[in-house]
Each structure stands twice: as structure tokens, then as C-alpha cells.
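>
In the numbering used here, the protein residues as written are 1 to 140.
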């Protein structure tokens, strides 16, 4: 699969991506991805801030998209997140994932989340496990 085909596949994904209105904006062959989310009422916690699960899911989709940029099926093996500031209603949050290390079976990704005012919301580290399948296999 080409990087353009993988991006299109990620952009058209159903499930949680669609439910939460997350958009995979960019992918690159070096294991990078950018994912955006408009923070709506449905994604807030009772304190009217972005729910931690919303921010975590944004990071997970960014790391998973970055891992998929190689045309391989990867799943989250381990993760760690640090929250710095609250996400606010009506603000766009952007997660950028960077590949730090890729081996035969696992890869590590750093994810940074900022809002549209360039406030640093969170950082996360994800270890992804490559299942041995390709994205082409999943299309069959």
C-alpha cells in the first residue's frame, strides 16, 4: 500500500475514530502522524474539560496511525501519558506522533498534544506491537 492509500484508509476508519470525530490529517513514511479533534460537549468530563480518555484516545490513534504508516498492522502494547493542561470546549486539539525506535516486532512513539492556541496539553509514549500482518492482508 502507498502512504496515500494508508492515509485514506485511516481517514475513512469507522468505529471510535468516527464516533469521536477524529481526523487523521497527515502520515509520513518515517513513522509520523498528525490527528485532529474538535472538542465537543460529548468529549468532556463532569468538570467541562476534555476527558482524560478523550486525550488518551487521540494519542492512541496518532501512535497507531504512525505505526500503520509502514503498511503493517500494529496494536498498542504499552503506553504512558502525562496531562499538563485541560482541553477546552470548542478548541481543536492536535496530536503529533513521532517514531522514536522501530524494531522487527515493536516500535516506540512519542505523541505531543497541543490545542489551537499552541498550549501544550499532554505528552504520551506508546509501545506498539507489530502482529506480523500487513494492511493489505486486512483488506482481503
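Just so it is clear, CB atoms sit at the ideal spot from N, CA and C, and this is done for glycine as well.
What you are looking at is a predicted structure, and each value in this text was computed from that prediction instead of being measured.
1) Are residue 98 and residue 67 closer than 8 Å when you measure CB to CB?
2) Go through its chain and collect everything with a Cβ distance to residue 162's Cβ below 6 Å, but skip five positions before and after it.
3) Rank 26, 90, 91, 58 by C-alpha distance to the C-alpha of residue 111 and give the top, closest one.
4) Work out the CA separation of residue 44 and residue 118 for me, nearest whole Å.
5) Count the other CB atoms, across all protein chains shown, that sit within 10 Å of the CB of residue 84; report buried if there are 16 or more and exposed otherwise.
6) So, using beta-carbon positions, are residue 137 and residue 1 closer together than 8 Å?
7) Less than 8 Å between the beta carbons of residue 93 and residue 33, yes or no?
8) Taking the alpha helix (DSSP H) that residue 53 belongs to, which residues open and close that run?
9) Any heavy atom of the ligand ZN inside 7 Å of the beta-carbon of residue 136?
10) Find the nearest neighbour of residue 3 within the set 31, 89, 60, 36, judged by alpha-carbon distance.
11) Identify whether residue 116 lies in helix, strand or coil by the three-state DSSP scheme.
Answer, in terms of the structure:
1) Looking up residue 98 in the chain shown gives position 98. Looking up residue 67 in the chain shown gives position 67. Not closer than 8 Å, so no.
2) Only positions 1 to 140 of the chain appear in the structure, and residue 162 is not among them; the question remains open.
3) Here residue 111 is taken as the residue at index 111 of the chain shown, counted from 1. Here the closest residue by C-alpha is 58.
4) Translated into the one-based positions of the chain shown, residue 118 becomes position 118. Translated into the one-based positions of the chain shown, residue 44 becomes position 44. Near 20 Å, if we compare the C-alpha coordinates of residue 44 and residue 118.
5) Locating residue 84 in the chain shown gives position 84, counting from the first residue. So residue 84 ends up on the exposed side.
6) Mapped onto the chain shown, residue 137 falls at position 137. Mapped onto the chain shown, residue 1 falls at position 1. For the pair residue 137 and residue 1, the CB atoms are not nearer than the 8 Å cut-off.
7) Looking up residue 93 in the chain shown gives position 93. Looking up residue 33 in the chain shown gives position 33. No, these two residues do not count as a Cβ contact at 8 Å.
8) As a position in the chain shown, residue 53 is number 53, starting the count at 1. Where residue 53 is concerned, the enclosing alpha helix (DSSP H) stretches over 52 to 68.
9) For the structure depicted, the ligand ZN is absent and the ligand set is empty, with no information on it obtainable.
10) Here the question's residue 3 lines up with position 3 in the chain shown. Among 31, 89, 60, 36, the Cα nearest to that of residue 3 is on 31.
11) For the purposes of this step, residue 116 is taken as residue 116 along the chain shown, with counting starting at 1. Coil, per DSSP.
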